[in-house]
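Undergrad:
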Amino acid sequence: MLQSGQERQFREALISSSDDEARSIIWKAKEDLKLTRLEIIERYVVPALDSIGADWHEGELALSQVYVSGRICETIINELLPEKRVDPGSRPGIGLVVLNDHHALGKRIVSSVLKAGGYSLIDYGIMSAGQLFQRIREDNPALVMVSVLMLSSALEVKNAISNLADCNCSTKIAVGGAPFRLDRQLWLEVGADAVGFSAADSLKIAEQYLGGVE
Amino acid sequence: MPAVKMSSLERVLATLGHNEPDRVPLFLLLTTHGAKELKLSIKDYFAKGETVAEGQLLLQEKYGHDCLYSFFYAPVEVEAWGGEVLYFDQGPPNAGAPFITGTSMLNSLTAPDIEHTPCLAKVLEATRLMKKSIGDKSPIIGVVMSPFSLPVMQLGFEAYLEMILHNRAQFDQLMEVNISFSVAWANAQLSAGATAICYFDPLSSPTIIPRELYLQTGFPVAVEALSRINGPTATHLASGRALPIVDDLAQTGTAVVGVSAEEDLAVLKEACRNKLSLLGNLNGIEMIRWNENDAFTAVRKAIRQAAPGGGFILSDNHGEMPYQVPDQVLQAICTAVRQYGQYPIQDGDF
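Residue numbers (this note's numbering), protein chains in the order written: chain G, 21 to 234; chain C, 55 to 404.
(1) In the DSSP assignment, find the beta strand (DSSP E) that holds C/M341 and state where it starts and stops.
(2) Can you grab the Cα-Cα spacing for the pair C/H87 / C/A128, in whole Å?
(3) At a Cβ cut of 9 Å, what residues of the segment 143 to 155 of chain C count as close to chain G, listed as they run along the chain?
(4) Any C-beta of chain C sitting closer than 8 Å to the C-beta of G/N188?
(5) Between C/N284, C/P172, C/E324, C/S200, which lies nearest to C/F273 when the distance is taken from Cα to Cα?
(6) So which residues of chain C does G/A82 contact, with C-beta pairs closer than 7 Å?
(7) In chain order, what residues of the same chain lie with their CB nearer than 6 Å to the CB of C/V277, ignoring the 5 residues before and after it?
(8) Which residues in chain C have a C-beta closer than 8 Å to the C-beta of G/D143? List them in chain order.
(9) What is the rounded straight-line gap between the Cα of G/P67 and the Cα of G/I46?
(10) Using a Cβ cut-off of 7 Å, which residues of the segment 286 to 303 of chain C contact any Cβ in chain G, in chain order?
(11) Name the residue from G/Q205, G/G113, G/H122, G/R204 whose alpha carbon lies nearest to the alpha carbon of G/M165.
(12) If contact means a Cβ-Cβ distance below 9 Å, which residues of the segment 61 to 78 of chain G contact chain C?
(13) Could you please give the first and the last residue of the uninterrupted beta strand (DSSP E) stretch that includes C/A199?
(14) Would you list, in sequence order, the uninterrupted alpha helix (DSSP H) runs of no fewer than 4 residues that lie entirely inside the segment 176 to 225 of chain G?
(15) Examine chain G for any beta-carbon lying closer than 8 Å to the beta-carbon of C/Q410, and answer yes or no.
(16) Could you tell me the alpha carbon to alpha carbon distance between G/M147 and C/F211, rounded to whole angstroms?
(17) Compare the C-beta of G/K104 with all C-beta atoms of chain C and state if any pair is closer than 8 Å.
(18) Just to make sure I have the definition right: I need the residues of chain G whose C-beta is within less than 9 Å of the C-beta of C/G373. Which are they?
(19) Let me know the secondary structure DSSP gives C/Q396 once reduced to three states.
(20) The beta strand (DSSP E) with G/D248 in it runs from where to where?
(21) Tell me the rounded alpha-carbon separation between C/P260 and C/A296.
(22) Look up C/Y123 in the DSSP assignment and say whether it is helix, strand or coil.
(23) Name the two residues that bound the continuous alpha helix (DSSP H) containing C/F235.
(24) Report the CB separation of G/L163 from G/K135 in whole angstroms; it is logged as a contact under 8 Å.
(25) Are at least three pairs of beta-carbons, each pair with one atom in the segment 123 to 134 of chain G and one in the segment 222 to 229 of chain G, less than 8 Å apart?
(26) Counting only the same chain and skipping the five closest in sequence on each side, list residues whose C-beta sits under 7 Å from that of G/R31.
(27) Does the Cβ-Cβ distance between G/S250 and G/V210 come in under 8 Å?
(28) Quick one: grab the DSSP three-state call for C/Y377.
(29) If you measure between the beta carbons of C/P193 and C/C121, is that distance less than 8 Å?
(30) If contacts are defined as beta-carbon pairs under 8 Å, then C/L70 and C/V310 qualify, I think. What distance do you get, rounded to the angstrom?
(31) Give me the chain C residues within the contact set of G/S37, using Cβ-Cβ distance strictly less than 9 Å, ordered along the chain.
(32) Identify the contact partners of C/L183 in chain G, using a Cβ-Cβ distance below 8 Å as the criterion.
(33) Give me the chain C residues within the contact set of G/N120, using Cβ-Cβ distance strictly less than 9 Å, ordered along the chain.
(34) What residue range is occupied by the uninterrupted alpha helix (DSSP H) comprising G/S132?
(35) Can you find a CB in chain C that lies within less than 8 Å of the CB of G/D203?
(36) With 16 as the cutoff for other CB atoms within 10 Å, does C/E64 come out buried or exposed?
In structure tokens, the structure reads:
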């Protein structure tokens, strides 16, 4: 939840693509309030991106605004400190992939949001379901977020999940993209562990399966 | 109340005039289902204009819906520009990697020669064959990607958004080439026999860009492109929301808007009444697991919300029904339209 005027101003700066204003608000908070990087993420970045994602989901904002907001936040957080993220032991954390599609904006937005939220990622790029299955078996990440645009790709997720179950792989699979938004039951039918209806949901899913940022 | 049964074309023209025809027109915007009818792979089906024309005619004979659809697949235009098309066994072909890999390529970008580009020529051949067979009994719906939305496949979504947001000169340069191509491509289809052109413009939806940005970009592009297309046009936002821009869409010169399953059809009807006809908005994704009752319920609801007064064509929300939608669901939709879509619409039926 956005609590103060400054936090709301930060959200408005993101929506209006005002990089400089957003950066100024964060640096002022860092200097005046002596906030740590984690406190900035928790008080400013995550609530703003969560609110923006929810408003897109409700049709109040456009995808381009979600994209720009995530990108600005990612840049600001990177400027605050070198990356120091969740350490899930020796196991890789979160993998991101687009299935069968060169429309990669959804993955790009999720990537920005998660990085702004303090998570480190493995970008698997564009893969088929078969390639993804093989890669998960090799890497054994804790969580993989799968973005799709087409229904046929969404249905292919089921094969990858089925194959993973057959080899007792413990990687959790979260799905997102237009087919899952238009059919709220589809993620259950393909056997996913979680679904994101907006990019901001990726933060909740990451926290659920990996815990918060250290 | 219409005294006689209308042809599909008469039915569609009546509703586009915001009058009530004999019954609600139904557009089953089927593409890959033609491959099933001919027992061909999707790739083989789209390899020739003859097979697509035959598939469309078989589908209309089977379901009795009110249009033929000469649309092959979205990246046919990318293919024409030299881009890659990826085929799948269970879904429509998709665009490969963007073929404009650097903005310096914009300076030498030239539009394809339509008649001498094989992938476009086969669409025109399919259109001619459909027209020869169907005459004026049924509309043939052609498709162009809008000049504004095409760059998502030409450049990639992120690179194109960055161009829109930060480099308007390059954007204008690209739009000049794309508008010329889209207009020529639309007019070639009309000359081949298409009755109207569906102008696919998902990027203009408020789901993707805010209205303020649309008014600076997609809107003027649509005004110019549609004014140069020599026939009626329908703008389809391909599952994107439309409500915040319906008045703007009406000003582009389009006659129809394809609307999302995520929006309230009754609210859209009020916003568009006597300005734009509505095309939609059955949920094509959910449709793959509908039973007959689900189809009847969805059709009845859509008809109740949008059919009174005309200006409504029942269809899916995306402009293409998924390959996985079963025959019995399509048949149930057709039966439901004939049962509940007769004008005047009977409120008591609900």
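We treat Cβ as the ideally placed atom computed from N, Cα and C, and that holds for glycine.
TA: If we stick to the structure as given:
(1) On the second sequence, residue 341 of chain C is found 287 positions in, with the first residue counted as 1. Run containing C/M341: none; DSSP gives neither H nor E here.
(2) Position 33 of the second sequence, counted from the first residue, corresponds to residue 87 of chain C. Position 74 of the second sequence, counted from the first residue, corresponds to residue 128 of chain C. C-alpha separation (whole angstroms): 16 Å.
(3) Per Cβ criterion, the list reads D143, Q144, G145, P146, N148, A149, G150, A151, P152.
(4) If you number the first sequence from 1, residue 188 of chain G lands on position 168. G/N188 does not count as touching chain C.
(5) Translated into the one-based positions of the second sequence, residue 273 of chain C becomes position 219. Of C/N284, C/P172, C/E324, C/S200, the residue nearest in Cα terms is C/S200.
(6) Position 62 of the first sequence, counting from 1, holds the residue named residue 82 of chain G. Chain C residues near G/A82: P260, T261, I262, I263, P264.
(7) Sequence index remark: in the second sequence, residue 277 of chain C carries index 223 (1-based). Cβ within range, chain order: T306.
(8) The residue given as residue 143 of chain G occupies position 123 in the first sequence. Neighbours of G/D143 on chain C: none; closest Cβ ~13 Å, over 8 Å.
(9) As a first step, residue 67 of chain G must be located in the first sequence, where it is residue number 47. As a first step, residue 46 of chain G must be located in the first sequence, where it is residue number 26. Taking the straight line from one Cα to the other gives about 13 Å.
(10) S293, R295
(11) Against the first sequence, residue 165 of chain G aligns to sequence position 145. Checking every option, the nearest Cα to that of G/M165 belongs to G/G113.
(12) W76
(13) Counting from one through the second sequence, the residue named residue 199 of chain C turns up at place 145. For the sequence presented, residue 199 of chain C should be read as Met rather than Ala. Note, C/M199: beta strand (DSSP E), 194 to 199.
(14) 198 to 202, 206 to 209
(15) This structure does not reach residue 410 of chain C, given that chain C is present from 55 up to 404, and the question cannot be answered.
(16) Against the first sequence, residue 147 of chain G aligns to sequence position 127. Against the second sequence, residue 211 of chain C aligns to sequence position 157. Approximately 18 Å, taken between the alpha carbons.
(17) On the first sequence, position 84 is the one that residue 104 of chain G refers to. Residue placement at G/K104 is flagged as unreliable, the pLDDT there being 49, under the threshold of 50; the coordinate-derived value follows with that caveat. No, G/K104 lies away from the interface with chain C (no Cβ there is under 8 Å from its Cβ).
(18) For the purposes of this step, residue 373 of chain C is taken as the residue at position 319 of the second sequence. Neighbours of C/G373 on chain G: none; closest Cβ ~13 Å, over 9 Å.
(19) Counting from 1 along the second sequence, the entry for residue 396 of chain C is found at position 342. DSSP places C/Q396 in strand when its eight states are reduced to three.
(20) This structure cannot speak to residue 248 of chain G, because chain G is shown only from 21 to 234.
(21) Along the second sequence, one-based indexing puts residue 260 of chain C at 206. Along the second sequence, one-based indexing puts residue 296 of chain C at 242. Their Cα atoms are separated by approximately 7 Å.
(22) Looking up residue 123 of chain C in the second sequence gives position 69. If DSSP states are grouped into helix, strand and coil, C/Y123 belongs with the strands.
(23) In the second sequence, residue 235 of chain C corresponds to position 181, counting from 1. 222 to 246 is the extent of the alpha helix (DSSP H) around C/F235.
(24) Looking up residue 163 of chain G in the first sequence gives position 143. Looking up residue 135 of chain G in the first sequence gives position 115. In fact, because the Cβ distance is near 15 Å, the residues do not count as touching under 8 Å.
(25) yes
(26) The residue you call residue 31 of chain G lines up with position 11 of the first sequence. Excluding sequence neighbours, G/R31 sits near L22, A68, S71, I72.
(27) The structure shown does not extend to residue 250 of chain G, since chain G spans only 21 to 234, so no value can be given for it.
(28) The residue labelled residue 377 of chain C in the question sits at position 323 within the second sequence. In the structure shown, C/Y377 sits in coil (DSSP, three-state: anything other than H, G, I, E or B).
(29) For the purposes of this step, residue 193 of chain C is identified with residue 139 of the second sequence, where counting begins at 1. For the purposes of this step, residue 121 of chain C is identified with residue 67 of the second sequence, where counting begins at 1. A contact, by the Cβ cut-off of 8 Å.
(30) Within the second sequence, residue 70 of chain C is the residue found at index 16, counting from 1. Within the second sequence, residue 310 of chain C is the residue found at index 256, counting from 1. Their Cβ separation, rounded to whole angstroms, is 7 Å, which keeps C/L70 and C/V310 in contact under 8 Å.
(31) Here residue 37 of chain G refers to the residue found at position 17 of the first sequence. One finds L219 in chain C with Cβ atoms closer than 9 Å to the Cβ of G/S37, taken in chain order.
(32) The residue labelled residue 183 of chain C in the question sits at position 129 within the second sequence. Under the 8 Å cutoff, chain G gives no residues; its nearest Cβ is about 28 Å from C/L183.
(33) To locate residue 120 of chain G, count along the first sequence from 1; it is residue 100. Ordered by position in chain C, the residues that pass the 9 Å Cβ test against G/N120 are L140, F142, G145, N148.
(34) Residue 132 of chain G sits at position 112 when you count from the first residue of the first sequence. Here the alpha helix (DSSP H) through G/S132 covers 125 to 136.
(35) For the purposes of this step, residue 203 of chain G is taken as residue 183 along the first sequence, with counting starting at 1. Closer than 8 Å to some Cβ of chain C, the Cβ of G/D203 qualifies, so yes.
(36) Numbered from its first residue, the second sequence carries residue 64 of chain C at position 10. Looking at its Cβ environment, which holds 16 or more other Cβ atoms inside 10 Å, C/E64 is buried.
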